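A short worksheet on the structure shown next.
In the numbering used here, the protein residues as written are 723 to 1012.
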């Protein structure tokens, strides 16, 4: 099997314990307007433009005129010679495709770098968009004795099949209210909450991450809403919670993908994070910071 990967590299303790080789998988079923990796959203990949390298020669079919890419022509271009047959930096497809067995060889050769309990983490995009290949990859990582972690939005109906294949499970929970979840992200949170309840009951090393987003889920009322959600849908004695603060690190990427960045400027203060953590504590929910 093959996996579509749009980014990979090492990171320490941000996506699982220790030093880890992180694979960002292409495709996501949510459309978070604050996403820092918009190039990873479309399953078919995104056409990413680097203006510093963009010239007419990047597209042999003439889609680049006066330093601007006509994306309407890209949408009807099936062959994509700019990304498949030309080595250039101006126009690139967001992902590359890898055989699972080749990735296993890379991971085994990287074992010396997995210090402090490190290993491999699969994140996204959303990893379950490539479910069968992900399952095979995790199985083979386990056979190679490599520590495995995943980060997922928990919406896949087969999510529980991955439980015995990972030593760490990170689940992103965006909102406790289904109406607002659908309004902002385009999908329901029903499967996320069902899987949260099931996973937290059986997995010994589970972390729930909440991105605090201005105007979406950062009010004092939201803190209580999340706390009540976790009381009902999570084993608070096992699972832990971490709050991530909004940033605009991916803003330029939206432009490179030809998509408008619609988030308005906003800041999540340290006082807001502290308040959320205190509310969680009062409801018996453990919070950590990585």
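Glycine is no exception: its CB is placed at the ideal position from the N, C-alpha and C atoms. This one's a predicted model, so the numbers in the text were calculated from it and none came from an experiment.
Chain-order list of residues whose beta-carbon lies under 6 Å from that of residue i (same chain, five-residue window excluded)
i, result
"residue 1000", "none"
"residue 730", "745"
"residue 738", "843, 871 and 890"
"residue 793", "980"
"residue 869", "841 and 889"
"residue 947", "898"
Assigned exposure category for residue i - 16 Cβ within 10 Å defines buried
i, result
"residue 830", "exposed"
"residue 933", "buried"
"residue 953", "exposed"
"residue 798", "exposed"
"residue 895", "buried"
"residue 969", "exposed"
"residue 783", "exposed"
"residue 789", "exposed"
"residue 922", "buried"
"residue 723", "exposed"
"residue 766", "exposed"
"residue 768", "buried"
"residue 924", "exposed"
"residue 761", "buried"
Sequence-distant residues of the same chain with beta carbon closer than 8 Å to residue i, five excluded per side
i, result
"residue 862", "822, 823 and 826"
"residue 900", "910, 911 and 912"
"residue 752", "848, 875, 877, 896, 907, 908 and 909"
"residue 858", "723 and 822"
Sequence-distant residues of the same chain with beta carbon closer than 7 Å to residue i, five excluded per side
i, result
"residue 818", "727"
"residue 880", "853"
"residue 1007", "949, 952, 958 and 963"
"residue 733", "742 and 744"
"residue 1012", "735, 736 and 964"
"residue 988", "936, 937 and 968"
"residue 832", "743"
"residue 837", "740 and 741"
Range of the contiguous beta strand (DSSP E) that encloses residue i
i, result
"residue 963", "962-967"
"residue 865", "Note, residue 865: premise wrong, no beta strand (DSSP E); alpha helix (DSSP H) at 853-865."
"residue 776", "Per DSSP, residue 776 belongs to no beta strand (DSSP E) and is neither H nor E."
"residue 893", "890-894"
"residue 849", "Where residue 849 is concerned, there is no enclosing beta strand (DSSP E), given that its DSSP letter is neither H nor E."
"residue 928", "928-934"
Extent of the continuous alpha helix (DSSP H) to which residue i belongs
i, result
"residue 942", "942-955"
"residue 803", "803-806"
"residue 996", "992-1004"
"residue 914", "912-924"
"residue 978", "973-978"
"residue 822", "822-831"
"residue 797", "793-797"
"residue 902", "900-907"
Straight-line Cα distance separating residue j from residue i
i, j, result
"residue 959", "residue 1002", "13 Å"
"residue 803", "residue 840", "39 Å"
"residue 796", "residue 785", "7 Å"
"residue 835", "residue 743", "8 Å"
"residue 997", "residue 740", "28 Å"
"residue 806", "residue 815", "9 Å"
"residue 873", "residue 791", "34 Å"
"residue 974", "residue 986", "14 Å"
"residue 927", "residue 876", "15 Å"
"residue 944", "residue 725", "37 Å"
"residue 939", "residue 898", "9 Å"
"residue 778", "residue 977", "19 Å"
"residue 860", "residue 887", "6 Å"
"residue 884", "residue 787", "47 Å"
"residue 961", "residue 772", "41 Å"
"residue 942", "residue 867", "44 Å"
"residue 681", "residue 780", "Given that the chain is displayed from residue 723 to residue 1012, the structure contains no residue 681 and the question cannot be resolved."
"residue 1005", "residue 770", "44 Å"
"residue 915", "residue 775", "44 Å"
"residue 864", "residue 810", "37 Å"
"residue 747", "residue 845", "6 Å"
"residue 920", "residue 956", "8 Å"
Cβ separation of residue i and residue j, assumed to be a contact under 8 Å, to the nearest whole Å
i, j, result
"residue 984", "residue 755", "5 Å"
"residue 918", "residue 882", "That belief does not hold up - the Cβ atoms of residue 918 and residue 882 are roughly 11 Å apart, past 8 Å."
"residue 971", "residue 758", "5 Å"
"residue 851", "residue 1009", "Contact flag wrong, Cβ pair sits at about 29 Å."
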